[in-house]
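Taking it in order: structure first as structure tokens, then the write-up.
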Amino acid sequence: MSYYDVICVGGGGAGVMAAAAAAGEGARVALVSKDPVGYGNTRMAVGPAACTDLPGDSREEFISDVLSGGERINNRTLVEALVYDAREALGRLESFGHTFIRDQDGELTGSVITRAGGHTKARTLQSSGGGVGLGQSLRAAVEKYGVDLYEDSLVLNLLQVDGKICGMQVHDLAKGKEFVLWAGAVVLCTGGGGWLFYPQTSNSRTATGDGYALAFHAGAELVDMEMIQSIPFGVTHPFAYRGTICGEPGTAGPAGKIVSGSGSAVLDGGINVMNRAQVVRRMAEYIKRGDVAEHGGLYLDMSPNLLLEDGEKIRHRLRSTGISDIILPAYGRRAYDWEEPWEVLPTVHFFMGGIRADADGRSNVPGLFTAGEAQGGVHGGNRLGSVALTEIFVFGLRAGKAAAAYAGGLSRFIGQQPARATAGLIGRQGNCRPVELSRRLQSLLWENMGLVREKDKLLLTLQAIDELETLSLDTRICAEHVYNTELLDFIELGSMLVTARLAVTAALLREESRGAHLRSDFPASGGEYWRKNIVLWRGEDGSLLHRTERVPHDS
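Just so you know, we're using my numbering here: the sequence shown kicks off at 1 and counts up by one.
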């Protein structure tokens with residue numbers, strides 16, 4: 001039985017930064033992660049990060065771009081924290097051993113900084129080692145700061161006394177054992193829920209909405225859960241590659257174009273200055289009407305860029321990021337060389353919504369903090385490219401420090417051992433496997449929540465979630481104790497069902513189209529009237545409650 005001042009959940013950038021920050025304040029810290037540290041979505045992100053205080057840019061312009069991209073339902077206080085702290089947080093990341101590409105003089109200048117889609121200025125730094133180098137730096141940081149590490153471990157429940165967080169129940173997959181960790185504070189850095197839309201997602205299979213479900217059950221408020229972003233350019237085939245990102249608006253070049261299945265121009269140039277939501281919205285119009293290519297997508301034609309004076313430079317820049325590598329094995333040499341178009345389909349990438357928290361990651365539940373994609377409110381209706389990595393390090397740093405300060409003022413508490421959360425599950429008999437229900441849920445969500453939504457289908461989706469919850473009680477789980485993947489599937493199914501209910505409920509409530517949220521029955525923006533946030537939480541009887549809150553006019 002162990003006690004820590006702070007426990008961080010999640011082994012990506014936000015979790016490691018929070019753990020390092022808390023340890024740097026003198027706290028005794030543990031990190032619990034399903035993935036090995038430095039893997040998951042952080043490692044897959046390639047490594048671009050938007051920074052501030054760069055030549056030709058200003059903090060005010062950066063803030064304005066983020067608010068505009070989020071269609072002004074962002075929490076301005078969070079956006080300001082993101083921008084003001086970006087340089088410090090990315091500097092802290094470099095202290096872990098990570099490096100961003102600089103010019104020959106070692107400076108961050110226009111020759112090495114790029115402009116991502118939706119940004120009005122070039123402010124995106126590129127990582128020298130990509131996602132792999134970033135992941136290795138995170139592992140080094142855990143060792144450097146003396147953080148106790150629990151990998152291959154699932155958080156089953158958050159424990160509370162008098163409404164305050166005091167620890168968690170954890171299952172170690174590798175050992176097949178359940179145990180309790182007591183803590184003064186918990187920081188949820190569990191990422192998003194893109195796996196709810198498999199196979200049409202760019203996310204790691206561990207992105208199952210765990211943090212949202214844990215927070216909801218603990219009584220935390222969640223915000224903007226209807227806002228789920230897709231990147232426009234995902235691979236459509238072969239199936240093994242489906243959903244993998246092969247580019248985004250900022251990499252399309254000034255002359256790249258999107259063409260429908262029948263050959264109609266969907267977007268004819270200028271994609272590179274658009275944000276993700278704008279491009280997806282246009283693509284969704286053609287996809288919904290069925291004017292698609294063989295595998296349900298549209299064609300991305302990059303060849304017009306080669307006619308430009310700096311066409312080769314544009315192609316080289318895209319290849320240097322590594323984001324286009326997948327094109328060669330998926331579509332062949334001619335597509336990779338931009339000699340022919342290839343098929344793309346939006347792929348679910350990021351949850352803008354999440355746990356409602358202040359700029360220090362503090363939720364409404366005492367002792368519960370959050371950072372990264374698990375936290376909502378920063379991006380509003382749509383996230384700009386290259387801001388996610390900045391976000392995880394800015395708010396990981398802030399939440400780690402705040403959690404350490406909170407826990408430092410508490411008396412050490414170790415409560416009674418709770419009943420085993422997995423009791424009766426291992427070896428349980430039933431009529432279906434958990435993964436079968438997960439696949440049904442994923443198919444349902446992509447169909448009804450993926451690109452375009454409407455009331456009748458959302459209501460049917462909620463009914464189906466009810467049915468799947470009932471069926472989950474009749475699942476069978478094998479009797480293995482070590483690496484019982486059916487137990488893992490069952491626990492993740494529970495998180496996915498909670499997250500799905502939150503997202504679908506919020507999508508039903510928002511009767512307009514804004515950012516990543518498209519309603520065919522409410523195709524227009526609700527303007528100022530719908531400049532609101534939808535807040536969800538769990539009632540004392542377990543029911544899902546909600547309210548809307550108007551965004552302040554200065555946002």
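Note that beta-carbon positions come from the ideal geometry of N, C-alpha and C, so glycine has one too.
For Leu560 and Cys166, which I take to be in contact (beta-carbon distance under 8 Å), what is that distance rounded to the nearest angstrom? Only positions 1 to 555 of the chain appear in this structure, which leaves residue 560 out of reach.
What does a CB cutoff of less than 6 Å around Gly47 pick up in its chain, not counting 5 residues either side in sequence? Ser127, Gly130, Gly131, Leu134
Sheet register partners of Lys177 (DSSP bridge): Asp172
Just to confirm the assignment, what range does the beta strand (DSSP E) spanning Ser2 have? 2-9
Residue burial classification, Glu221 (beta-carbon count within 10 angstroms, cutoff 16): buried
Write down the C-beta distance between Ala516 and Gly354 rounded to the nearest angstrom, noting that I regard them as a contact closer than 8 Å. Not quite, the Cβ-Cβ distance comes to about 14 Å (not below 8 Å), so this is no contact.
Beta bridge counterpart(s) of Tyr150 as assigned by DSSP: Val32
Pro346 and Val280 closer than 7 Å at C-beta: yes
First and last residue of the alpha helix (DSSP H) that includes Arg453? Where Arg453 is concerned, there is no enclosing alpha helix (DSSP H), given that its DSSP letter is neither H nor E.
Can you tell me whether Met40 is buried or exposed? The criterion is at least 16 other CB atoms within 10 Å of its CB, across all chains shown. Residue identity differs from the one stated: residue 40 is Gly in this sequence, not Met. Flag for Gly40 reads buried.
Contact under 7 Å by Cβ, Gly51 with Arg123: Note that residue 51 is Cys in the sequence shown here, rather than Gly. Closer than 7 Å, so yes.
Using 10 angstroms around the beta-carbon of Ala81, count the other beta-carbons present and answer buried if the total reaches 16, otherwise exposed. buried
If distances are taken between C-alpha atoms only, which option among Gly385, Tyr150, Lys532, Thr321 comes closest to Phe100? Thr321
Runs of alpha helix (DSSP H) lying entirely within the segment 10-89, each at least 4 residues, in chain order: 13-24, 40-44, 59-69
Kindly give me the distance between the Cβ atoms of Phe413 and Arg383, rounded to whole angstroms, as I take these residues to be in contact under 8 Å. With a Cβ gap of about 38 Å, Phe413 and Arg383 do not count as contacting.
Which whole-angstrom value is the C-beta distance of Val32 and Ala183, which I expect to be below 8 Å? Contact doesn't hold; Cβ gap of about 10 Å is too wide.
With H, G and I counted as helix, E and B as strand and the rest as coil, what does DSSP make of Ala183? strand
Label Asn203 either buried or exposed according to how many other C-beta atoms from any shown protein chain fall within 10 Å of its C-beta, with 16 as the threshold for buried. buried
Using 8 Å for Cβ pairs, my map puts Val83 next to Asn74. What's the rounded Cβ distance? Between Asn74 and Val83 the Cβ distance is about 11 Å, and since that is not below 8 Å, they are no contact.
The ligand FAD heavy atoms versus the CB of Arg115: any closer than 6 Å? Absence of the ligand FAD is noted for the structure shown, with no ligands found whatsoever.
Looking at Lys455 and Asp521, is the spacing between their C-beta atoms short of 7 Å? yes
Can you give the beta carbon distance from Gly256 to Met302, rounded, assuming they're within the 8 Å contact cut? 5 Å
So, helix, strand or coil for Trp195, using DSSP? helix
Neighbour-count burial assignment, Ala240, 16 or more Cβ in a 10 Å radius: exposed
Where does His349 fall in DSSP's three states? strand
Mind checking Lys401: buried by the 16 CB within 10 Å criterion, or exposed? buried
Suppose the cutoff is 7 Å on Cβ atoms and the five residues either side in sequence are ignored; what does the same chain contact list for Leu149 look like? Leu31, Val37, Val142
Determine the extent of the beta strand (DSSP E) in which Val259 is found, giving its start and end residues. 257-259
Among the residues of its own chain, which have a CB less than 7 Å from the CB of Gly542, if the five just before and after it don't count? none
For Phe197, the nearest candidate out of Arg440, Val394, Ile477 (CA to CA): Arg440
Would you say the segment 240-249 touches the segment 356-365, given that touching needs at least three Cβ pairs under 8 Å? no
Assign Ser543 to one of three DSSP states: helix, strand, or coil. coil
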